[in-house]
Every structure is written in structure tokens, then in C-alpha cells.
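The working numbering numbers the first residue of the sequence shown as 154 and each following residue consecutively.
Ideal placement from N, C-alpha and C gives every residue a C-beta, glycine not left out.
Working notes, structure below.
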Amino acid sequence: SKDWILMVTAKSPTNIAVIKYWGKRDESLILPINDSISVTLDPDHLCTTTTVAVSPSFRSDRMWLNGKEISLAGGRYQNCLREIRSRASCFEDEKKGISIRKEDWENLHLHIASYNNFPTAAGLASSAAGFACLVFALGNLMCVKEDLGAISAIARQGSGSACRSLYGGFVKWNTGYDVSGRDSIAMQLASESHWDDLVIIIAVVSSRQKETSSTAGMRESVETSTLLQYRFKEVVPKRILQMEEAIRNKDFTTFARLTCADSNQFHAVCLDTCPPIFYMNDTSHRIINYMEKWNQLEGTPQVAYTFDAGPNAVLIARNRKTAEALLQRLLFYFPPPGAELTSYVLGDVSILHD
Ligand code: PMV
154 SKDWILMVTA KSPTNIAVIK YWGKRDESLI LPINDSISVT LDPDHLCTTT TVAVSPSFRS
214 DRMWLNGKEI SLAGGRYQNC LREIRSRASC FEDEKKGISI RKEDWENLHL HIASYNNFPT
274 AAGLASSAAG FACLVFALGN LMCVKEDLGA ISAIARQGSG SACRSLYGGF VKWNTGYDVS
334 GRDSIAMQLA SESHWDDLVI IIAVVSSRQK ETSSTAGMRE SVETSTLLQY RFKEVVPKRI
394 LQMEEAIRNK DFTTFARLTC ADSNQFHAVC LDTCPPIFYM NDTSHRIINY MEKWNQLEGT
454 PQVAYTFDAG PNAVLIARNR KTAEALLQRL LFYFPPPGAE LTSYVLGDVS ILHD
């Protein structure tokens, strides 16, 4: 019979890198030139919710993002769908009279509906939450039996940073050595409960879409920036080890120093790219300036800042008390909604889908 439908819904948070991924060694498999480390945000604040459905009555694979149909023709979607389908297992539900053999999945079509509760492509890592959620939901629907590491390697082929959103807490994405990319996977360094004093505040400087996509930006940096060459060979490997230790010891001073330095070096690489890429704007720079002064005044760092491929500031406060003081100062010096800032978003370090 053709009248059945199977559905799975999943929810995935976004993640913010504290040691940044910038540069690919393989563009189609999305293999990075360096390891990266991120924190996964609380899914209540910044997340993607995706429902995937399969039915013999569907004529083709289709997807809707925030209610609008989008094309699945791009290589990234096709790669994720192909990888998941090739790992599908059989499904039986006698009561409903549904029986899907392993080989049937190749010919069954999917309908996918996905919602972001935050602005798409504004440097808030929407693709990270999106592809993590899509691949996780599809894996469930198609009874894929592989572990989260293998699932993360599939999400990686949608968007590099997506592989890190499969886990909560602190996550490392290993560059890997294999040309197939099978060891370029994410792993959890510490769960969300390990360091739950931290509070994340995102200052939304602009919700406009960014001008240079991360894919184009990375390609140009790899081709033209000598600073990037130095960064991935000499700087990041040491920082990764130091950051892992800082997270293990909940050493906020080192954590903040490394996080800010790595964000600044990433944006310096963008400036060192030909033609230069500007992701931050005047407001971003003023926020950095303000945080640096505050940390200096306090003697020990109270807040870490980091910026991705956009002008929005991700601020990580040492604890709840600091976060309150931070929010008060931000509201005073950078009051939204105004020309400078649209809003603040709170995102505790947390986990994840069911
Ligand atoms: O995975 P992409 O293509 O969204 O690139 C992410 C790049 C940065 O956000 C700037 C850094 C990172 O590690 O997330």
C-alpha cells in the first residue's frame, strides 16, 4: 500500500568555535587543515528543528527551510543524503503494515522541513545546527546503526562546523589523516555539566546575511594568506593542546586568553587574504575594545569574546554573576535595538537533542 508515512523530528543546537576552523584541504569532502574546538549552545535559544518524512507516495526528495522550498541539488545535500542512504537498515512495523528493506531506501523519497529559531547565514553558524540536525534525523529515520562519530563525519560533508553540533558541551573536530575523511570526525571533550558556570551572551550586531560565504572565504585564504600557513602549522596545534587542558582544569584565564587570541588571529587571516575579507564591523571592534579594557581593569579575565564569519559577538562570561554585570554594561554602552545592535541572545553551554 502507498498510504503510509514515517516521520522523525530532531532538534540540534548551534556551536561556537573557540579554536577556529578556517581552511579546507579537500573541498568536496570538507576536510579541514587544522583541528578545532567548540562549545555547543543550549538548544532552547539557538537551534534548528527538522522533521524528515518518508512515504511511497512522495515523487521526489524535497526540502523546506523556514517554510520556503529550497533546492536539494547542491552537492552538500546530495552527499549527506547519499551517505545516509548507503548506511540505512531495514525497518518493520507489523501493526502499521510497513516493511522497508535495506535496498528499498534507495528508491523511497524524502520530504524535509527545517526551521531555524535564529537568523540564517548571519555568522551564527546556522549551517552547523542545520546539517547536524538533518543528518541526525535521517540517521534515525533510516535506522542507521553507526555511532555518533561516524554520523558526525556525514554531517561534516554538509558543513564542516556541523560535525561539532552532534555533541553537547565541549567538542573537538579532529582534522584526521585518511584521504576518505573517515577519521575527520568530532568527539566530545567534556559534557555540558563539566563547566556549567560559564554563561554565553550573543550580541547580535547585524542579522543581515554575510557577504563572503565561509566556503569562498576559506578558499581565498588558503590560496593567498601566508599568515594562514603559519597559523595552521605553528599556532593551532599548540593552542589545541592548551585549550584541551584549560577545559579539563576549568581554567578560565587560559580559556579566555586562547579564545580571544584565536578569534583575533582568524580575523587577521581574513585581512591577510587577497582581496581582504571583513567580517567584523566598527561595533564588533568597539565590543572587543571594551572587553579588553574590562578584563584588564579586573586583573583577571572575566569575559572571553569570539567572532565567526560575521559581526556578531559571542561573549563567554566566567560565571552567572559576571554575566549579569556584563549584560548591564552592554545594555548601557550598546543598547539595543539601535543602529548598532539588534538584540542579545542568551545561550547557556548545554546539550542537545533527545
Ligand atoms: O562550517 P562552516 O562552513 O560554516 O565554517 C565555519 C567557520 C567558522 O565559523 C568561522 C569557524 C568555526 O570553526 O566554526
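| Asked | Found |
| --- | --- |
| Of the residues K255, A163, F323, the one placed nearest D197, counting alpha carbons only | A163 |
| Per DSSP, the bridge partner or partners of S208 | H262 |
| Heavy atom of the ligand PMV within 7 Å of Y486 beta-carbon | no |
| K173 to G250 span [Cα, whole Å] | 49 Å |
| Residue range of the alpha helix (DSSP H) that includes S374 | 367-377 |
| Beta-carbon spacing of L182, Q310 below 8 Å | yes |
| Residues proximal to the ligand PMV by C-beta, any heavy atom closer than 5 Å | A170, K173, Y174, S189, S280, S312, G313, S314, S367, D461, A462 |
| Beta-carbon proximity check, P454 vs T436, cutoff 8 Å | no |
| DSSP three-state assignment for H506, whether helix, strand or coil | Low confidence applies to H506: its pLDDT is 29, below 50, so where it sits in the model is not reliable enough to give any reading. |
| Closest Cα partner of K386 within the set D188, S239, P209 | D188 |
| Backbone CA spacing between E345 and S208 [nearest angstrom] | 37 Å |
| Beta strand (DSSP E) segment containing K221, residue limits | 221-223 |
| Residue from C243, W447, T407 with nearest C-alpha to G292 | C243 |
| T202: CB within 7 Å of a non-hydrogen atom of the ligand FMN | In the structure on display, the ligand FMN does not appear, and the ligands it does have are the ligand PMV. |
| CA-to-CA distance, P429 to A339, given in whole angstroms | 30 Å |
| Cross-strand partners of E245 (DSSP beta bridge) | S252 |
| Reduced DSSP secondary structure (H/G/I, E/B, other) of C200 | strand |
| P185 to K248 span [Cα, whole Å] | 46 Å |
| Nonlocal neighbours in the same chain, by C-beta distance under 7 Å from L294, ignoring five residues either side | L159, V161, V205, V207 |
| C-alpha distance - R392 paired with L199, whole-angstrom precision | 27 Å |
| N402 versus G283, L301, T167, A343, residue with shortest Cα-Cα distance | A343 |
| Beta-carbon proximity list for S298, same chain, < 7 Å, skipping 5 on both sides | Reading off the sequence shown, one finds Lys at residue 298, where the question assumed Ser. The residues are S242. |
| Candidates M444, M433, Q395, L484, of which the one nearest V171 by Cα | Q395 |
| Reference N448, options D461, Q418, C413, A399, closest by Cα | C413 |
| Alpha-carbon to alpha-carbon, S280 and N270 | 13 Å |
| DSSP three-state assignment for M433, whether helix, strand or coil | coil |
| Residues sharing a beta bridge with P166, DSSP | C200 |
| Element boundaries [beta strand (DSSP E), containing S189] | 189-193 |
| G329 versus D350, G302, Y268, S239, residue with shortest Cα-Cα distance | G302 |
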